[in-house]
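Protein chains in written order, with the working numbering: chain A, 105 to 465; chain B, 4 to 385. Following: one structure in structure tokens, then a few remarks.
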Amino acid sequence: MMYDFFVDLFGNTTISGIISGFVMSLIPLFLFILPFALFAVYLERKVSAHMQDRLGPMRTGWHGWKQTIADILKLIQKEDIVAKDNDKLLFNIAPVLTFAGSYAAFAAIPFTSIFIGTEVDLGIFFIIAVTGLVVAGILMAGWASNNKYSLLGSMRSVAQIISYEIPTILVVLSLVMISGTMNLHTLSELQTGYVWNWYIFGGPGAELSKFLLIPSMFIGFLIIYISTLAEVNRTPFDIPEAESELVSGYHTEYSGMKFAMFFLAEYANMFAVSAIVVALFLGGYQSPIGYLGDLIGAKWMIPIEQFSWFTIKGVFFVFVQMWLRWTLPRLRVDQLMTTSWKYLIPIAFVNLIIIGLITLL
Amino acid sequence: MSQDSILNTKSSNLKTEEMVLNMGPQHPSTHGVLRLELALEGEIINKVTPHIGYLHRCFEKHCEAMTYPQIVPYTDRMDYLAPMGNEFGYAVAMEKLLGIQVPERVEYIRVIMAELQRISSHLVALGTYGADIGAFTPFLFCFIDREKILNLFEITCGARLLYNYIWVGGLSHDLHPDFIRKTREFIKEFRPNLKEINDLLSHNRIFIDRTANVGILPIDTAINYGVSGPNLRGSGFKWDLRKDDPYSVYHKFDFNIPVGEGTYGSVGDSWDRYYVRVLEMEESCRIVEQALDQLPEGDVQSAIPKRIKPAVGTVYARVENPRGDLGYFIISDGSTSPYRVKVRAPSFVSMQILNELCKGYMVADVVTILGSIDIVLGEIDR
Chain A
105 MMYDFFVDLF GNTTISGIIS GFVMSLIPLF LFILPFALFA VYLERKVSAH MQDRLGPMRT
165 GWHGWKQTIA DILKLIQKED IVAKDNDKLL FNIAPVLTFA GSYAAFAAIP FTSIFIGTEV
225 DLGIFFIIAV TGLVVAGILM AGWASNNKYS LLGSMRSVAQ IISYEIPTIL VVLSLVMISG
285 TMNLHTLSEL QTGYVWNWYI FGGPGAELSK FLLIPSMFIG FLIIYISTLA EVNRTPFDIP
345 EAESELVSGY HTEYSGMKFA MFFLAEYANM FAVSAIVVAL FLGGYQSPIG YLGDLIGAKW
405 MIPIEQFSWF TIKGVFFVFV QMWLRWTLPR LRVDQLMTTS WKYLIPIAFV NLIIIGLITL
465 L
Chain B
4 MSQDSILNTK SSNLKTEEMV LNMGPQHPST HGVLRLELAL EGEIINKVTP HIGYLHRCFE
64 KHCEAMTYPQ IVPYTDRMDY LAPMGNEFGY AVAMEKLLGI QVPERVEYIR VIMAELQRIS
124 SHLVALGTYG ADIGAFTPFL FCFIDREKIL NLFEITCGAR LLYNYIWVGG LSHDLHPDFI
184 RKTREFIKEF RPNLKEINDL LSHNRIFIDR TANVGILPID TAINYGVSGP NLRGSGFKWD
244 LRKDDPYSVY HKFDFNIPVG EGTYGSVGDS WDRYYVRVLE MEESCRIVEQ ALDQLPEGDV
304 QSAIPKRIKP AVGTVYARVE NPRGDLGYFI ISDGSTSPYR VKVRAPSFVS MQILNELCKG
364 YMVADVVTIL GSIDIVLGEI DR
């Protein structure tokens, strides 16, 4: 869409490709990811505060809403400390790579039926692959910091993310078998209609197989939610940055804006994985109760409603992540591996086979 | 290297290097300024060497230059989470040395204060333990209740952390008129909160997985090292000075001594040590209630000696502090200041078992074990 608009404007040249690509990447960044990350940090502080009988930030602006903006401004102004023995190149690239990885994932996430960064047919695989960049960034950060705590943190992180990608992919695979597409946009379109057309309730249609699928889909949903929690290093899987053991893991040595990039990447990632879960299982941008725009005949309202639904669902799962973080203790690194290899992967495998058999029906 | 030689390389022939990791003195979960030198193989602990002394304030030497009453505020600073207990111990030792009898009311108020202090100290232990394991919310829940206890202390003697309340032969102030009512209110509010903490943390599956069967302390090891307090009781040994060597008026109250039973793992694991503290808080509540019911009238300062000049001699007295047996050994040379004051600090003894407990566990378990033996560095270094 946006690409076509620029092609119309400049003609089909390389320049237009570059400009449109640039604009396309800046729009979601400035309109969504950065404000969202700021909002999520604020939300986290408020959620944790209210769960702990506190008030959280209250002084800057109404209920402290300006606090995270002030924090980011502070981080930008801070001195960029690089220790003498750090590997300068890797140390500088790592935060950029981590942020790029989580940011690139947004490209394939369909926010509404008319806006998607790039419509790749391998959408979901693209997201899984590109978030792998985060792993590289974390490992680089841990190694380049020349700090044992950072190294331990990054090693744990890499082991964790890689182990938890397997159950994620197995669940994604089962969905691909049912829907026959890896394109998140198409997947969301398939779940159009009402709540019971979402894949968590067996997907569209009313055949027998739909009802047989429901238990497997619930299991799949739980598995993918747990694994995505681990992939974004949230409690109970926040082992890489376990502050009581490893101070703050791979970003111990970072300060100022480089630290902020890790920080923003973490919060952007939280939404990215929630968005994947929503797009796969909970109808993506589809409304559960029909559109007001359809009702009053205003077609232009539908994308806005879709965007709102998508954001609401995504933010809800981000909220659940925060809820878990402030309730649960953290697992130990070997227990984390056990959870993945002994429980989640076998269950996901059996689930995949059951779903395969049902789809054969 | 040929293919054969690669295939024949056994894992035992591969060279691995031990990594030395410095934990502390500035680390979020060493509970103060403790430095641990960890010898690691990957994430497995080979050896833990604690290095202490970062908080050394020459308490024992300092005492020799002060008169007996002047020492009281300095005892506060040893176990800064349980100053009332420290003062209590010093007062018991000094009264034994001087051979004076204090009024009943004083003893009752001392017991109330010491038990409230035990609750507040255990709340910190529980809260920080949760935080060590990654659950931060119980920490703040515990601190809300601790805050209420500190408020009770504040209306009693004006201070919130270092009280200088229990003097040799008496107390610095009598109870505030509101104290009894407010304490009863606190205990009424505290019991449901304790249950909430139990639901949130003690019986949480992840918490159990982290703490059960981790850092098992067998009874004989505990006794050989001289471990006392909740750590010893966690190993299943019923030893509490309040019952076994009663001092003050503890013999007048009805309370139980909870011991570790290995509910989720082996007896003497971290969970047992943790849970003994939870149960002890309930027992402390019972003692405070009984003491409030029986509280006699009287003057709290009548027995305070004008000038303390004990006869030549020595005394050893010990009390059950939240962290174990706190002993004072005082040598008097007949002057107004002691010739020597030696303190047997329970945390100092407990910390020695750290290496024994941590061997073979992972880095994350060091934090778990260290938290479960609940040390206070102010007491270790003095």
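We put the CB at the ideal spot given by N, CA and C, even for glycine.
Contact set between residue i and chain B, taken where Cβ atoms lie within less than 8 Å
i: A/D157; result: L143, F144 and I147
i: A/D342; result: G137
With 16 other Cβ atoms within 10 Å as the buried cut-off, status of residue i
i: B/E323; result: buried
i: B/M4; result: Caution is warranted here: a pLDDT of 45 is assigned to B/M4, below 50, making its placement in the model unreliable, and the coordinate value is therefore given only provisionally. That one is exposed.
i: B/D135; result: buried
i: A/T356; result: buried
i: B/S123; result: buried
i: A/K362; result: buried
i: A/I180; result: exposed
i: A/K238; result: This sequence places Val at residue 238 of chain A; Lys is not what is there. Buried is the call here.
i: A/W404; result: exposed
i: B/R236; result: buried
i: A/F230; result: buried
i: B/S338; result: exposed
i: B/C361; result: buried
i: B/F142; result: buried
i: B/K151; result: buried
i: B/V279; result: buried
i: B/A314; result: exposed
i: A/S206; result: buried
i: B/E188; result: exposed
i: B/T19; result: exposed
i: A/N373; result: buried
Closer than 9 Å at the beta carbon, the chain A residues around residue i
i: B/N207; result: T431, L432 and P433
i: B/L24; result: K252, Y253 and L256
i: B/G133; result: P433
Contact with chain B by residue i, beta-carbon distance below 8 Å
i: A/R338; result: no
i: A/D189; result: no
i: A/Q439; result: yes
i: A/R149; result: no
i: A/R163; result: no
Same chain, Cβ closer than 7 Å to residue i, five either side skipped, listed in chain order
i: A/Y371; result: A141, A144 and V145
i: B/L37; result: G27, P28, P53, I55 and L380
i: B/S287; result: E118, R121 and I122
Under 8 Å by beta carbon: chain A residues contacting residue i
i: B/F139; result: S152, Q156 and W430
i: B/D212; result: L435, R436 and Q439
Cβ neighbours of residue i in the same chain (closer than 6 Å, five flanking residues each side left out)
i: B/I376; result: N234 and S353
i: A/I185; result: S359
i: B/T317; result: I334
i: B/Y57; result: P28 and V36
Proximal residues to residue i (C-beta, below 8 Å), its chain only, five neighbours per side dropped
i: A/I462; result: S313, L316, L317 and S320
i: B/R310; result: T339
i: B/Y111; result: V252, A294, Q297, L298 and P299
i: A/T290; result: S283
i: A/F322; result: I304
i: B/E107; result: V252, P299 and G301
Interface partners of residue i on chain A, CB under 7 Å
i: B/M354; result: Simply none; closest approach about 18 Å.
Residue i at chain A interface by Cβ criterion, 8 Å
i: B/M365; result: yes
i: B/E46; result: yes
beta-carbon residue i near the ligand HEM non-hydrogen atom, thresh 7 Å
i: B/H179; result: This structure lacks the ligand HEM, and indeed carries no ligand of any kind.
Sufficient close CB pairs (3 or more, under 8 Å) joining the region 430-448 of chain A to the region 363-371 of chain B: Touching, yes.
Cβ contact (3+ pairs, closer than 8 Å) linking the region 303-315 of chain A and the region 332-341 of chain A: Of all C-beta pairs linking the region 303-315 of chain A to the region 332-341 of chain A, fewer than three are shorter than 8 Å, placing the two stretches out of contact.
At least three beta-carbon pairs within less than 8 Å, the region 247-256 of chain B to the region 267-282 of chain B: They do not touch, by the three-pair rule.
Sufficient close CB pairs (3 or more, under 8 Å) joining the region 269-286 of chain A to the region 443-462 of chain A: Under the three-pair Cβ rule at 8 Å, the region 269-286 of chain A counts as touching the region 443-462 of chain A.
Validate contact between the region 162-176 of chain A and the region 441-452 of chain A using beta carbons, cut 8 Å, 3 pairs: Flag = no, the region 162-176 of chain A and the region 441-452 of chain A do not touch.
Stretch-stretch touch, CB-based, cutoff 8 Å, three pairs: the region 286-305 of chain B with the region 170-186 of chain B: Counting Cβ pairs under 8 Å, three or more are found: they touch.
Three or more C-beta pairs below 8 Å linking the region 294-302 of chain A and the region 237-255 of chain A: No contact exists between the region 294-302 of chain A and the region 237-255 of chain A.
Three or more C-beta pairs below 8 Å linking the region 203-219 of chain B and the region 415-433 of chain A: They touch, by the three-pair rule.
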